[in-house]
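Residue numbers (our numbering): -4 to 341.
Yeah, the Cβ is synthetic: ideal placement off N, Cα and C, and Gly gets one too.
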Ligand code: FES
């Protein structure tokens, strides 16, 4: 019998010039189809927030489940990059997959532990220290996915806030309004609470070079920047560093003593510049005011290698400034922090 409700056809997925072929069932994402057919596309969050699964669309059309503009740069979007976990094919599709350099080197593992310290750093950022049952090796700048079963069944991605070393790991967790996990982390006493973790993930880490480093962080984006600079200090890196931290008011500043101590021990020049965008005019603050990206534009030569971490709008603006000052795209590394709640609200 004729039916108006014909089943949608499956679409063919061609990966890396035909080296791998998969079939996408109707409404199946590129990532799901690839993994089902044993094509190992790097991935992590599966909800469009980490960019681990980014790939370049060579041919065909996809429907995007969430707006990838939050985690991809404008340049990547213009070049045709999409998120495999958020793209459902509307036709046969060909993609080139970008494999994460570090993700490929360090095996992802699952482990468990307990929270051994909990400290409020600001009105909305909590510092958690976790003692794991076994050590986890990672490169400073990377992140792990964390679950606290007593609070939620959800895994959430957080950057390591200190260099890799033994069984202890640290995270800075920003309270996200409407979030499933972070408001509870902020409000409950979690000492000795069990956690589950898997990782490491991500390709945000300090690349080897002699070039001067410029870092821009906002909010809890300070965590991976601090970790990678602390790691670099341990390794005797002597490159000049300018570190901009963008915050609204003085009450959003944290880890200042730690960063100033780092600057003191650093073997090259190290300048730390906190920039406040909403500090009251009549406050005694004598540091920089305005947008962190405006401050950034004042001292660039174009020779810098940039490391950016924080909210997507801050990162997009910083990338624009860097490019305007001739910093090459290949030397701009970033990690956009976007929460599941942000994605839902978008
Ligand atoms: S796995 Fe696709 S964005 Fe995280």
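Compare the C-beta of residue 75 against all C-beta atoms of chain D and say whether one is closer than 9 Å.
In the displayed structure, chain D is absent; only one protein chain is listed.
Determine the DSSP secondary structure at residue 321, reduced to helix, strand or coil.
The residue labelled residue 321 in the question sits at position 326 within the chain shown. Three-state DSSP puts residue 321 in coil, outside helix and strand.
In the DSSP assignment, find the alpha helix (DSSP H) that holds residue 31 and state where it starts and stops.
Counting from one through the chain shown, the residue named residue 31 turns up at place 36. Here the alpha helix (DSSP H) through residue 31 covers 25 to 31.
With distance defined between alpha-carbon atoms, name the residue in 124, 132, 224 and 297 nearest to residue 267.
Looking up residue 267 in the chain shown gives position 272. Ranking the options by Cα distance to residue 267, first place goes to 224.
Buried or exposed: residue 139, going by 16 or more other Cβ atoms within 10 Å of its Cβ?
Translated into the one-based positions of the chain shown, residue 139 becomes position 144. The residue is buried, with at least 16 neighbouring Cβ atoms inside 10 Å.
Apart from the five residues just before and just after residue 7, which ones in its own chain have a Cβ nearer than 7 Å to its Cβ?
Taking the chain shown and counting its residues from 1, the one referred to as residue 7 is at position 12. So the qualifying residues of the chain are 16, 18 and 87.
CB of residue 219 within 9 Å of CB of residue 161, strictly:
The sequence position of residue 219 within the chain shown is 224, counting from 1. The sequence position of residue 161 within the chain shown is 166, counting from 1. Contact: no.
Per the DSSP calculation, residue 59 is bridged to which residue(s)?
Counted from its first residue, the chain shown places residue 59 at position 64. DSSP output for residue 59 lists 82 as bridge partner(s).
Does the beta-carbon distance from residue 27 to residue 57 come in below 9 Å?
Numbered from its first residue, the chain shown carries residue 27 at position 32. Numbered from its first residue, the chain shown carries residue 57 at position 62. No; because the gap between Cβ atoms is not below 9 Å, this pair is not in contact.
Option nearest residue 207 by Cα separation, candidates 301, 103, 55 and 43:
Start at 1 with the first residue of the chain shown, and residue 207 comes out as number 212. Of the candidates 301, 103, 55 and 43, the one whose C-alpha sits nearest the C-alpha of residue 207 is 301.
So who's on the other strand from residue 192, going by DSSP bridges?
Taking the first residue of the chain shown as 1, we reach residue 192 at position 197. Bridge partners of residue 192: 106 and 141.
Residues of its chain near residue 129, where Cβ-Cβ distance is below 7 Å and the 5 sequence neighbours each way are ignored:
Indexing the chain shown from 1 puts residue 129 at position 134. Counting only Cβ-Cβ distances below 7 Å, and skipping sequence neighbours, we find 106 and 162.
Expected contact under 8 Å - CB spacing of residue 175 and residue 149 to nearest Å:
On the chain shown, residue 175 is found 180 positions in, with the first residue counted as 1. On the chain shown, residue 149 is found 154 positions in, with the first residue counted as 1. At roughly 5 Å, the Cβ-Cβ gap stays under 8 Å, so residue 175 and residue 149 are in contact.
Sort 143, 295, 293 and 215 by Cα distance to residue 331 and report the nearest one.
On the chain shown, position 336 is the one that residue 331 refers to. Taking only the C-alpha atoms, the option nearest residue 331 is 215.
Just to confirm before moving on: does the CB-CB distance between residue 20 and residue 5 stay below 9 Å?
Reading the chain shown from its first residue, position 25 is the one you call residue 20. Reading the chain shown from its first residue, position 10 is the one you call residue 5. Cβ atoms of residue 20 and residue 5: closer than 9 Å.
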